[in-house]
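Trainee:
Number of protein chains: 4
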Amino acid sequence: MAHRFPVRVYYEDTDMGGIVYHANFLKYIERARSAWVRDLGHDQNAMRAGGTIFVVRRVEADFLAPAHYDDVLDVVSEIISAGAAKLVMEQTVMRDETVLFRALATVVCLGPDGAPVRLPANIRQLAR
Amino acid sequence: MAHRFPVRVYYEDTDMGGIVYHANFLKYIERARSAWVRDLGHDQNAMRAGGTIFVVRRVEADFLAPAHYDDVLDVVSEIISAGAAKLVMEQTVMRDETVLFRALATVVCLGPDGAPVRLPANIRQLAR
Amino acid sequence: MAHRFPVRVYYEDTDMGGIVYHANFLKYIERARSAWVRDLGHDQNAMRAGGTIFVVRRVEADFLAPAHYDDVLDVVSEIISAGAAKLVMEQTVMRDETVLFRALATVVCLGPDGAPVRLPANIRQLAR
Amino acid sequence: MAHRFPVRVYYEDTDMGGIVYHANFLKYIERARSAWVRDLGHDQNAMRAGGTIFVVRRVEADFLAPAHYDDVLDVVSEIISAGAAKLVMEQTVMRDETVLFRALATVVCLGPDGAPVRLPANIRQLAR
Chain H
1 MAHRFPVRVY
11 YEDTDMGGIV
21 YHANFLKYIE
31 RARSAWVRDL
41 GHDQNAMRAG
51 GTIFVVRRVE
61 ADFLAPAHYD
71 DVLDVVSEII
81 SAGAAKLVME
91 QTVMRDETVL
101 FRALATVVCL
111 GPDGAPVRLP
121 ANIRQLAR
Chain P
1001 MAHRFPVRVY
1011 YEDTDMGGIV
1021 YHANFLKYIE
1031 RARSAWVRDL
1041 GHDQNAMRAG
1051 GTIFVVRRVE
1061 ADFLAPAHYD
1071 DVLDVVSEII
1081 SAGAAKLVME
1091 QTVMRDETVL
1101 FRALATVVCL
1111 GPDGAPVRLP
1121 ANIRQLAR
Chain E
2001 MAHRFPVRVY
2011 YEDTDMGGIV
2021 YHANFLKYIE
2031 RARSAWVRDL
2041 GHDQNAMRAG
2051 GTIFVVRRVE
2061 ADFLAPAHYD
2071 DVLDVVSEII
2081 SAGAAKLVME
2091 QTVMRDETVL
2101 FRALATVVCL
2111 GPDGAPVRLP
2121 ANIRQLAR
Chain X
3001 MAHRFPVRVY
3011 YEDTDMGGIV
3021 YHANFLKYIE
3031 RARSAWVRDL
3041 GHDQNAMRAG
3051 GTIFVVRRVE
3061 ADFLAPAHYD
3071 DVLDVVSEII
3081 SAGAAKLVME
3091 QTVMRDETVL
3101 FRALATVVCL
3111 GPDGAPVRLP
3121 ANIRQLAR
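Protein chains in written order, with the numbering used here: chain H, 1 to 128; chain P, 1001 to 1128; chain E, 2001 to 2128; chain X, 3001 to 3128.
(1) Taking Cβ-Cβ distances shorter than 8 Å, what residues in chain X pair up with residue 1069/P?
(2) Using 8 Å for Cβ pairs, my map puts residue 2059/E next to residue 2100/E. What's the rounded Cβ distance?
(3) With a threshold of 7 Å on Cβ separation, who are the neighbours of residue 2/H within its own chain once the five nearest residues in sequence on each side are excluded?
(4) Within 8 Å, do at least three Cβ pairs link the stretch 2010–2029 of chain E to the stretch 2093–2110 of chain E?
(5) Between residue 1094/P and residue 1073/P, what straight-line distance do the alpha-carbon atoms span, to the nearest angstrom?
(6) Please list, in chain order, all residues of the same chain as residue 2040/E whose beta carbon is under 7 Å from its beta carbon, the five residues on each side excluded.
(7) If the criterion is Cβ atoms closer than 8 Å, does the pair residue 2012/E and residue 3011/X meet it?
(8) Identify every residue that forms a DSSP beta bridge with residue 1098/P.
(9) Can you grab the Cα-Cα spacing for the pair residue 3037/X / residue 1068/P, in whole Å?
(10) What separation, rounded to the nearest whole angstrom, lies between the Cα atoms of residue 3056/X and residue 21/H?
(11) Measure the Cβ-Cβ separation of residue 17/H and residue 3053/X and say whether it is below 8 Å.
(12) Tell me which residues of the stretch 3034–3068 of chain X have at least one Cβ-Cβ distance to chain H shorter than 7 Å, keeping chain order.
(13) Under 6 Å Cβ to Cβ from residue 1112/P, same chain only, skipping five residues before and after it: list those, please.
(14) Show which residues of chain H have a CB atom less than 7 Å away from the CB atom of residue 1031/P.
(15) Mind listing, in chain order, the continuous beta strand (DSSP E) runs of no fewer than 3 residues lying wholly within the stretch 3025–3110 of chain X?
(16) By alpha-carbon positions, which one of 3088/X, 3108/X, 3098/X and 3019/X ends up nearest to residue 2045/E?
(17) Around the C-beta of residue 2091/E, are 16 or more other C-beta atoms found within 10 angstroms, so that it is buried, or is it exposed?
(18) Let me check understanding here. Comparing Cα to Cα, which of 1114/P, 1066/P and 1062/P lies closest to residue 1015/P?
(19) Among 3070/X, 3082/X and 3043/X, whose alpha-carbon lies nearest the alpha-carbon of residue 2048/E?
(20) Is residue 2116/E near residue 2042/E, with beta carbons less than 8 Å apart?
(21) Where does the unbroken alpha helix (DSSP H) through residue 1124/P begin, and where does it stop?
(22) I'd like to know if residue 21/H contacts chain E, where contact means its C-beta is closer than 8 Å to some C-beta of that chain.
(23) Quick check: what's the CA-CA separation for residue 3082/X versus residue 3088/X?
(24) Give every residue of the same chain whose Cβ lies closer than 6 Å to the Cβ of residue 86/H, excluding the five residues on either side of it in the sequence, and list them in chain order.
(25) Here's the rule: buried if 16 or more other CB atoms are within 10 angstroms of the residue's CB, otherwise exposed. What is residue 2035/E?
(26) Taking the Cβ atom as the reference point for each residue, do residue 32/H and residue 5/H lie within a distance shorter than 8 Å?
(27) Taking only beta-carbon positions, decide if residue 27/H is within less than 8 Å of chain P.
(28) Return the first residue and the last residue of the beta strand (DSSP E) that residue 20/H is part of.
(29) Report the option in 110/H, 97/H and 84/H whose CA atom is closest to the CA atom of residue 125/H.
(30) To which residues of the same chain is residue 3127/X closer than 8 Å at the C-beta, ignoring the five residues directly before and after it?
(31) Strictly by DSSP, which residues pair up with residue 2006/E?
(32) Alpha carbon to alpha carbon, what distance is there between residue 61/H and residue 3061/X?
(33) Under the DSSP definition of a beta bridge, which residues are partnered with residue 2116/E?
(34) Express the C-alpha separation of residue 114/H and residue 98/H in angstroms, rounding to a whole number.
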């Protein structure tokens, strides 16, 4: 079950090439992950206060087509696999039917001592 | 007549102080100005293609209280004065009733040769 | 006695206008303040661990001329006035002899409880 | 023959986790690529004026250990393979002997019409 998250391209996101600076796509997909976690009822501020955080371990990213100022994009996120403490997500950034960017992102959940901790159950259960 | 624009604080906006990095407030108020111009029917991509751009000339900014991850803020913008090619705007960033940031921003409209050009009439008329 | 700090403009600093995004000048002058504090023998990581931080309270910024990709700029910083816990600095960003940006920045030193604390003596003594 | 490029971690690079925000490692490795191209005698402003640009097509990135405020890092870059218009580079970000980040970055050279163009010879010849 995919999660959709809208992103408006701001002026600050562009570079002198007249398009969105490539690294900003990683910000877009993180906003989407954060929104998803929030939609599932998890408050990352509270998690953090309790010593639990999500950390990005690996990203495989393909930059397929440029995004432009004022575009309204959609980040479509899906969990590909979920281990006890690790998620692999596929995240695509679309403008209408065009895929601009696609990434596989591996995220782990770490506890107060930096060791992996179990992911919340309602997140793991979303693995397709 | 004030314009209101919502901003969600993203993880990318924070710094190691645990709060929004100070310069990012300038991004927030620019997003609000861009949205306002769009709401008034001006497409900045089309303006730019025609050689007309808005440029920030001066900002007086007071950083009054910190913003935090996941906060939903409001940027309240009002035109203080408008000349032929120049606007002075007051922009405040609020969290509920608390003012976190306040700025006076001076923006000019420049034409293809870099010289000032008349602001669109429906923008100038908003001066209070 | 002014402090000089070199800044190379990176691709990431530019925007679709083909110039440095305006808010990034605030980053440049903060890098210069940080370098200055480091040059004076203060380790901001250690200060922070001890609960003391610098916070930007106010910036008056004039954007005078654009900076471009690959420019090598100089940030020239001078302390205008120093109180017990508060500094006012004038910071200009130059390309050769051209002033691109000028700011008055007010910075305060805060302690563990968020209340102002005395600035290190060798910083206060630099006020001109 | 590897290229080395130093990076100082600025306050602006950190996030509320107290470490460098993950996407900023992509900025660090791009600064290194730009410096390398400059060291090889290519002026990207002139290339761009002539209609030729480098574009990032793919990044495989592993985030291995955190970087912190004020760290001095080294970006070590090596060309793994070079086609007519395409480079694959391995780029690692080190703090002393510790690898914090490693990426395989695929970059292509595009001409005025957006079609691939031959890479400069002295870049292709660096492929190991």
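Beta carbons: idealized from backbone N, C-alpha and C, even for Gly.
Mentor: Let's see:
(1) Your numbering for residue 1069/P matches position 69 in the second sequence. Result: 3016.
(2) By 1-based counting over the third sequence, the position of residue 2059/E is 59. By 1-based counting over the third sequence, the position of residue 2100/E is 100. Going by Cβ atoms, the distance from residue 2059/E to residue 2100/E rounds to 16 Å, so no, they are not a contact pair.
(3) For this step, residue 2/H is matched to residue 2 along the first sequence. Once the five neighbours on either side are set aside, the close Cβ partners of residue 2/H are 76, 77 and 78.
(4) yes
(5) If you number the second sequence from 1, residue 1094/P lands on position 94. If you number the second sequence from 1, residue 1073/P lands on position 73. Computed Cα separation, rounded: 6 Å.
(6) Residue numbering aside, residue 2040/E sits at position 40 when the third sequence is read from its first letter. Answer for residue 2040/E: 2122 and 2123, listed in chain order.
(7) On the third sequence, residue 2012/E is found 12 positions in, with the first residue counted as 1. On the fourth sequence, residue 3011/X is found 11 positions in, with the first residue counted as 1. No, the Cβ-Cβ distance between residue 2012/E and residue 3011/X is not below 8 Å.
(8) Against the second sequence, residue 1098/P aligns to sequence position 98. Answer is 1095/P.
(9) Residue numbering aside, residue 3037/X sits at position 37 when the fourth sequence is read from its first letter. Residue numbering aside, residue 1068/P sits at position 68 when the second sequence is read from its first letter. So the two alpha carbons sit approximately 39 Å from each other.
(10) To locate residue 3056/X, count along the fourth sequence from 1; it is residue 56. To locate residue 21/H, count along the first sequence from 1; it is residue 21. Near 10 Å, if we compare the C-alpha coordinates of residue 21/H and residue 3056/X.
(11) Mapped onto the first sequence, residue 17/H falls at position 17. Mapped onto the fourth sequence, residue 3053/X falls at position 53. Result yes, Cβ atoms of residue 17/H and residue 3053/X sit closer than 8 Å.
(12) 3053, 3056, 3057, 3058, 3059, 3060, 3061, 3062 and 3063
(13) For the purposes of this step, residue 1112/P is taken as the residue at position 112 of the second sequence. The answer, listed in chain order, is 1051.
(14) Counting from 1 along the second sequence, the entry for residue 1031/P is found at position 31. Near residue 1031/P (Cβ distances below 7 Å), the residues of chain H are 10.
(15) 3053–3063, 3072–3082, 3086–3095 and 3098–3110
(16) One-based indexing of the third sequence puts residue 2045/E at position 45. Nearest C-alpha to residue 2045/E: 3019/X.
(17) Position 91 of the third sequence, counted from the start, is the residue given in the question as residue 2091/E. That one is buried.
(18) Locating residue 1015/P in the second sequence gives position 15, where the first residue counts as 1. The option with the nearest alpha carbon to residue 1015/P is 1066/P.
(19) Here residue 2048/E refers to the residue found at position 48 of the third sequence. Minimum Cα distance to residue 2048/E is reached at 3070/X.
(20) As a first step, residue 2116/E is located in the third sequence; it is residue number 116 there, counting from the start. As a first step, residue 2042/E is located in the third sequence; it is residue number 42 there, counting from the start. Their beta carbons are not under 8 Å apart, which means residue 2116/E does not touch residue 2042/E by this criterion.
(21) Here the question's residue 1124/P lines up with position 124 in the second sequence. Looking at the DSSP string, the run of the alpha helix (DSSP H) that includes residue 1124/P is 1121–1124.
(22) Within the first sequence, residue 21/H is the residue found at index 21, counting from 1. Yes - at least one Cβ of chain E is within 8 Å of the one on residue 21/H.
(23) Counting from one through the fourth sequence, the residue named residue 3082/X turns up at place 82. Counting from one through the fourth sequence, the residue named residue 3088/X turns up at place 88. Using only the alpha carbons, I get a separation of about 6 Å.
(24) What you label residue 86/H is simply residue 86 of the first sequence in a count that begins at 1. Within the same chain, residue 86/H has close Cβ partners 108.
(25) In the third sequence, the residue the question calls residue 2035/E occupies position 35. The residue in question, residue 2035/E, is buried, as its Cβ has 16 or more Cβ neighbours within 10 Å.
(26) Within the first sequence, the letter at position 32 stands for residue 32/H. Within the first sequence, the letter at position 5 stands for residue 5/H. It is a contact, given that the beta carbons lie within the stated cut-off.
(27) Taking the first sequence and counting its residues from 1, one reaches residue 27/H at position 27. At least one chain P Cβ lies under 8 Å of residue 27/H.
(28) For the purposes of this step, residue 20/H is taken as residue 20 along the first sequence, with counting starting at 1. Counting along the chain, residue 20/H falls outside any beta strand (DSSP E), and DSSP gives it neither H nor E.
(29) Along the first sequence, read from residue 1 onward, the residue named residue 125/H stands at position 125. Selected option, being the one with the closest Cα: 84/H.
(30) As a working note, residue 3127/X is residue 127 in the fourth sequence. These residues qualify, in order along the chain: 3079, 3080, 3081, 3082 and 3087.
(31) Residue numbering aside, residue 2006/E sits at position 6 when the third sequence is read from its first letter. 2074/E.
(32) Numbered from 1 along the fourth sequence, position 61 holds the residue referred to as residue 3061/X. Numbered from 1 along the first sequence, position 61 holds the residue referred to as residue 61/H. Answer to the nearest angstrom: the Cα atoms are 8 Å apart.
(33) The residue you call residue 2116/E lines up with position 116 of the third sequence. In the DSSP output, where bridge partners are listed per residue, residue 2116/E has 2110/E.
(34) Locating residue 98/H in the first sequence gives position 98, counting from the first residue. Locating residue 114/H in the first sequence gives position 114, counting from the first residue. In a straight line, the C-alpha of residue 98/H is about 39 Å away from that of residue 114/H.
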